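Engineer: In short: position in the sequence shown from 1, add 17, done, that's our numbering. Note that CB positions come from ideal geometry on N, CA and C, so glycine has one too. Note that this is a predicted model, so its numbers are computed, not measured.
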Amino acid sequence: MSDRRGPGYGEPNWEMIGRWFELPPDEDTPFWAVNLMKYRERADYGDDGDQGRTGREADDAYTPYGPLAEIGAMIAFAGDVVDQRGADPTWDRIGIVRYPHRAGFFAMQQRDDFKDQHVHKEAGMAATIVMSCLPVEGAPLTATPEDGTVVLRVRRFAGGAPADEALPDGVTPLSRFAVEGVIVGDARTWDEVRFDHVAEGADAGPLLDLAGAEEGFAIVVAPTAPFDRLVESVATADEAPKREA
């Protein structure tokens with residue numbers, strides 16, 4: 018890949034992207050792109066100023082519903098950050114998309130309707146980490162309970178991710194993912210992403226403490242309706258469109 022140019026909000030992982038291009042169709046299975054997003058206070062459209070938008074409003078204008086639907090992707094989760102512990106920066110929003118395969122991800126980048134909208138993401142996003150993730154275990158629920166809170170943990174371990182861990186009373190795992198690699202971000206690497214539901218009145222402290230992690234984020238998220246389909250996205254992954262040989 019010559020003349021590699023990345024977005025202004027993060028550095029692409031060209032090594033992993035190069036491996037993706039070499040994947041045979043039968044190995045190119047669904048993956049979950051977990052997006053941690055931090056917005057500019059005001060959007061930056063260069064010579065056109067902020068066009069009257071905050072960074073968040075610019076990102077709202079970007080969200081590529083049409084292109085995602087055309088390639089068979091699914092918006093699995095979106096939510097606003099309510100509280101955060103751990104590493105910097107402090108994120109504003111979380112978004113997760115289940116892509117049917119890497120070929121579909123690349124195809125979307127080439128679509129004119131996607132390119133037309135991407136200018137808004139460039140204008141609104143101060144920084145982002147986008148991780149390619151794969152489920153480690155099936156989700157035990159059919160839907161996220163309405164009460165309580167959702168806690169997202171992104172962690173790197175000195176000796177690799179533990180096989181299992183005891184959760185406090187009132188905490189139910191929603192989904193657990195192994196991080197294949199960072200698609201766009203900074204120089205940091207991560208081992209796992211976990212989503213847990215904390216029942217109303219239960220103690221979320223042990224999750225927020227990030228015990229055992231070398232570095233990480235513990236984020237309390239308020240899901241945005243109707244994009245609270247994380248459990249469903251894992252349970253129905255076999256129904257995602259297959260890559261053509």
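DSSP beta-bridge partners for residue 52?
Structural biologist: According to DSSP, which records beta bridges pairwise, residue 52 is partnered with 112 and 147.
Engineer: Are residue 268 and residue 227 touching if we call contact CB-CB under 7 angstroms?
Structural biologist: Residue 268 cannot be examined here, being either before or after the span of the chain that is shown, 18 to 262.
Engineer: Helix, strand or coil: how does DSSP classify residue 232 here?
Structural biologist: Three-state result, residue 232: strand.
Engineer: Sorted by chain position, which residues of the same chain lie with C-beta nearer than 6 angstroms to residue 26's C-beta, five sequence neighbours on each side aside?
Structural biologist: Hits under 6 angstroms: 142, 144 and 145.
Engineer: Quick one, are the C-beta atoms of residue 47 and residue 89 less than 7 angstroms apart?
Structural biologist: In this structure, residue 89 does not lie closer than 7 angstroms to residue 47 by Cβ.
Engineer: Taking the DSSP output, what are the residues bridged to residue 170?
Structural biologist: 211 and 235, per the DSSP bridge assignment.
Engineer: Rounded to a whole number of angstroms, what is the C-alpha to C-alpha distance between residue 107 and residue 60?
Structural biologist: C-alpha separation (whole angstroms): 18 angstroms.
Engineer: Could you round the C-beta distance between residue 84 and residue 45 to whole angstroms and report it? I think they count as a contact, below 8 angstroms.
Structural biologist: That pair is no contact at about 19 angstroms.
Engineer: Does the count of Cβ pairs from the stretch 177-189 and the stretch 53-70 closer than 8 angstroms reach three?
Structural biologist: These segments do not touch.
Engineer: Using a Cβ-Cβ cutoff of less than 6 angstroms, which residues in the same chain neighbour residue 187 once the five nearest sequence positions on both sides are dropped?
Structural biologist: Taken in chain order, the residues that qualify are 216 and 219.
Engineer: In terms of alpha-carbon separation, which member of 184, 204 and 199 lies closest to residue 35?
Structural biologist: Minimum Cα distance to residue 35 is reached at 199.
Engineer: Would DSSP call residue 186 helix, strand or coil?
Structural biologist: In this structure, residue 186 counts as coil in the three-state DSSP scheme.
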